[in-house]
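The structure appears below as structure tokens.
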Amino acid sequence: MPIEPVKKIWMDGRLVDWDDATIHILSHGLHYGSGVFEGVRAYDTKRGAAVFRLNDHIRRLFRSAHMYFMEIPFTQEELVDAVADTIRENGLSACYIRPLVYRGYAEMGLNPLPAPVNVSVAAWPWGLYLGEESVEAGVRAKISSWKRNDHNTLPPMAKATGQYINSSLAKVEALKGGYDEAIMLNHAGYVTDGSGENVFIVKDGVLFTPPLSAGCLDGITRDSIIAIARDQGYEVVERNLSRFDLYAADEAFFTGTAAEVVPIREVDDRQLGSNGRGPVTKELQGIFLGVTGGEIEKYQGWLTYVTG
Ligand code: PMP
Numbered sequence: 066m067p068i069e070p071v072k073k074i075w076m077d078g079r080l081v082d083w084d085d086a087t088i089h090i091l092s093h094g095l096h097y098g099s100g101v102f103e104g105v106r107a108y109d110t111k112r113g114a115a116v117f118r119l120n121d122h123i124r125r126l127f128r129s130a131h132m133y134f135m136e137i138p139f140t141q142e143e144l145v146d147a148v149a150d151t152i153r154e155n156g157l158s159a160c161y162i163r164p165l166v167y168r169g170y171a172e173m174g175l176n177p178l179p180a181p182v183n184v185s186v187a188a189w190p191w192g193l194y195l196g197e198e199s200v201e202a203g204v205r206a207k208i209s210s211w212k213r214n215d216h217n218t219l220p221p222m223a224k225a226t227g228q229y230i231n232s233s234l235a236k237v238e239a240l241k242g243g244y245d246e247a248i249m250l251n252h253a254g255y256v257t258d259g260s261g262e263n264v265f266i267v268k269d270g271v272l273f274t275p276p277l278s279a280g281c282l283d284g285i286t287r288d289s290i291i292a293i294a295r296d297q298g299y300e301v302v303e304r305n306l307s308r309f310d311l312y313a314a315d316e317a318f319f320t321g322t323a324a325e326v327v328p329i330r331e332v333d334d335r336q337l338g339s340n341g342r343g344p345v346t347k348e349l350q351g352i353f354l355g356v357t358g359g360e361i362e363k364y365q366g367w368l369t370y371v372t373g
């Protein structure tokens, strides 16, 4: 889905016109992938636009930056305000938000430290990453032949731009094979995550998801779904999953900010037990929608209202 332009993008403390939001061709981030980013969503609620778990996203951005010795020249509060300003300035309600911290233009070479650290926040209306129809019909996933980068190559818990070239290889392989999404294994052969989503399975009424030690991102949607499922009385177990666990699952689903909660109906051409959206997936999807829509009092703390 092409990006839908809006009026302004926040760059280093100023709101600039969409078409002027450009950087120098010799920026370090462009040559060596030295950037960290977030993907955040705001939802249209009765009380205006509400950003889901904004503080948690900004905290993760700072953790990613710390990993790469990037000193963000703004405080977490200032970036929270930057997100709110960007949404308000563009008159958006439901939108996707992309905060980006990147190394700018200084010296050429692998040492990123001389390069300035720049920050931008863009927001635009964006539908579901895996397609609106994926919500009910589910998607077909393929186990990638590409292994996920691990803790001692490029730490999976850091959301760095350069690291995503690995996930892109997996995504392209899946798409060219006629699948919707890739699932990546770690070097020990256990499931990590999708190219941009965490993975859950349901077996005999229990939810399983890989532990962070397997090398997946500490997804904010993952964390939310674990909390919601436990509140609903489900047992949620974080343990290593093999590809067999996926094939033999009653249900499986992806979670992520861009994708939200999406059923997986097939893995490597093997139909899962539910053949589409299973009952547990449907229940959690429904609650997640209620939570992000500001309709469930208990989870109001996850929402930052920025308009209205
Ligand atoms: N895994 C990977 C590799 C991702 O890129 C993402 C998207 N940020 C996720 C999982 C899901 O994380 P979140 O729920 O925080 O968006």
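Going by the working numbering, the sequence shown opens with residue 66, and the numbers climb by one from there. Idealized CB from N, CA, C, for every residue including glycine.
Could you compute how far the alpha carbon of serine 158 sits from the alpha carbon of leucine 368? Taking the first residue of the sequence shown as position 1, residue 158 is located at position 93. Taking the first residue of the sequence shown as position 1, residue 368 is located at position 303. Linking serine 158 to leucine 368 through their CA atoms gives a straight-line distance of about 13 Å.
Going by beta carbon distance, what residues of the same chain come within less than 6 Å of isoleucine 123, once the five residues before and after it are set aside? The residue labelled residue 123 in the question sits at position 58 within the sequence shown. So the qualifying residues of the chain are Gln141, Leu144, Val145.
For arginine 295, verify whether its CB is less than 7 Å away from any heavy atom of the ligand PMP. On the sequence shown, residue 295 is found 230 positions in, with the first residue counted as 1. Taken from the Cβ of arginine 295, every heavy atom of the ligand PMP lies 7 Å or farther away.
Near glycine 358, which residues of its chain fall below 7 Å by C-beta distance, leaving aside the five closest residues on each side in sequence? Within the sequence shown, numbered from 1, the residue matching residue 358 stands at position 293. Excluding sequence positions up to five before and after glycine 358, its CB lies within less than 7 Å of the CB of Tyr108, Thr110, all in the same chain and listed in chain order.
Return helix, strand or coil for glutamine 336, following the three-state DSSP convention. Along the sequence shown, one-based indexing puts residue 336 at 271. Glutamine 336: strand per DSSP, three-state reduction.
Here's the rule: buried if 16 or more other CB atoms are within 10 angstroms of the residue's CB, otherwise exposed. What is methionine 76? Counting from 1 along the sequence shown, the entry for residue 76 is found at position 11. Label assigned to methionine 76: buried.
Of the choices Glu69, Val345, Ala235, Asp215, whose alpha-carbon is the least far from that of isoleucine 291? On the sequence shown, residue 291 is found 226 positions in, with the first residue counted as 1. Selected option, being the one with the closest Cα: Val345.
Span of the beta strand (DSSP E) holding serine 185? Position 120 of the sequence shown holds residue 185. Annotation: the continuous beta strand (DSSP E) that includes serine 185 extends over 182–189.
Looking at the structure shown, is threonine 369 part of a helix, part of a strand, or coil, going by DSSP? Along the sequence shown, read from residue 1 onward, the residue named residue 369 stands at position 304. Of the three classes helix, strand and coil, the one that applies to threonine 369 here is strand, per DSSP.
May I ask which residues mark the beginning and end of the alpha helix (DSSP H) holding tyrosine 108? The residue you call residue 108 lines up with position 43 of the sequence shown. DSSP places tyrosine 108 in no alpha helix (DSSP H) but in the uninterrupted beta strand (DSSP E) bounded by 105–110.
Given arginine 205, which residues of its chain have a CB within under 7 Å of its CB, disregarding the five upstream and five downstream residues? In the sequence shown, the residue the question calls residue 205 occupies position 140. Only residues of its own chain outside the window of five on either side were considered, and among them Tyr244, Asp245, Arg330, Glu331 have a CB closer than 7 Å to the CB of arginine 205, listed in chain order.
Measure the beta-carbon distance from phenylalanine 265 to threonine 320 and round it to whole angstroms, keeping in mind my assumption that it falls under 8 Å. Stepping through the sequence shown from its first residue, residue 265 is reached at position 200. Stepping through the sequence shown from its first residue, residue 320 is reached at position 255. Correct: roughly 7 Å between the Cβ atoms.
Is aspartate 288 helix, strand or coil by DSSP? Mapped onto the sequence shown, residue 288 falls at position 223. In the structure shown, aspartate 288 sits in a helix (DSSP, three-state: H, G or I).
Using only CA atoms, which one of Asn251, Gln350, Ser307, His93 lies nearest to phenylalanine 318? Within the sequence shown, residue 318 is the residue found at index 253, counting from 1. Shortest Cα-Cα distance from phenylalanine 318 to any of Asn251, Gln350, Ser307, His93 involves Gln350.
Give the secondary structure of tryptophan 75 by DSSP, where H, G and I count as helix, E and B as strand, and everything else as coil. Locating residue 75 in the sequence shown gives position 10, counting from the first residue. Of the three classes helix, strand and coil, the one that applies to tryptophan 75 here is strand, per DSSP.
Which class does arginine 295 belong to by DSSP, given the choice of helix, strand or coil? Here the question's residue 295 lines up with position 230 in the sequence shown. Here arginine 295 sits in helix by DSSP.
May I ask you to list the residues that DSSP assigns as paired with leucine 250? The count along the sequence shown starts at 1 and reaches residue 250 at position 185. BP columns for leucine 250 point to Val256.
Is the distance from the Cβ of glycine 261 to the Cβ of isoleucine 248 below 8 Å? As a first step, residue 261 must be located in the sequence shown, where it is residue number 196. As a first step, residue 248 must be located in the sequence shown, where it is residue number 183. Inclusion of glycine 261 and isoleucine 248 in the CB contact set at 8 Å is not warranted, their separation being larger than that value.
In the DSSP assignment, the beta strand (DSSP E) including phenylalanine 117 goes from what residue to what residue? Translated into positions along the sequence shown, residue 117 becomes position 52. The continuous beta strand (DSSP E) containing phenylalanine 117 extends over residues 113–117.
Between which two residues does the alpha helix (DSSP H) harbouring proline 344 extend? Reading the sequence shown from its first residue, position 279 is the one you call residue 344. For proline 344, the enclosing alpha helix (DSSP H) starts and ends at 344–357.
What does a CB cutoff of less than 6 Å around isoleucine 162 pick up in its chain, not counting 5 residues either side in sequence? Along the sequence shown, one-based indexing puts residue 162 at 97. Around isoleucine 162: Val105, Val148, Ala188.
Determine the contact status of asparagine 251 and arginine 213, defining contact as a CB-CB distance below 8 Å. Position 186 of the sequence shown, counted from the start, is the residue given in the question as residue 251. Position 148 of the sequence shown, counted from the start, is the residue given in the question as residue 213. Between asparagine 251 and arginine 213, the C-beta gap is smaller than 8 Å, which places the two residues in contact.
Please tell me whether serine 99 and proline 220 are closer than 8 Å, where the distance is taken between their beta carbons. Position 34 of the sequence shown, counted from the first residue, corresponds to residue 99. Position 155 of the sequence shown, counted from the first residue, corresponds to residue 220. In this structure, the beta-carbon distance from serine 99 to proline 220 does not fall below 8 Å.
What does a CB cutoff of less than 6 Å around glycine 169 pick up in its chain, not counting 5 residues either side in sequence? For this step, residue 169 is matched to residue 104 along the sequence shown. Counting only Cβ-Cβ distances below 6 Å, and skipping sequence neighbours, we find Ser92, Ala180, Pro181, Asn183.
Could you tell me how far apart the beta carbons of lysine 58 and alanine 314 are, in whole angstroms, since I believe they sit closer than 8 Å? It is not possible to answer for residue 58, since the shown part of the chain is limited to 66 through 373.
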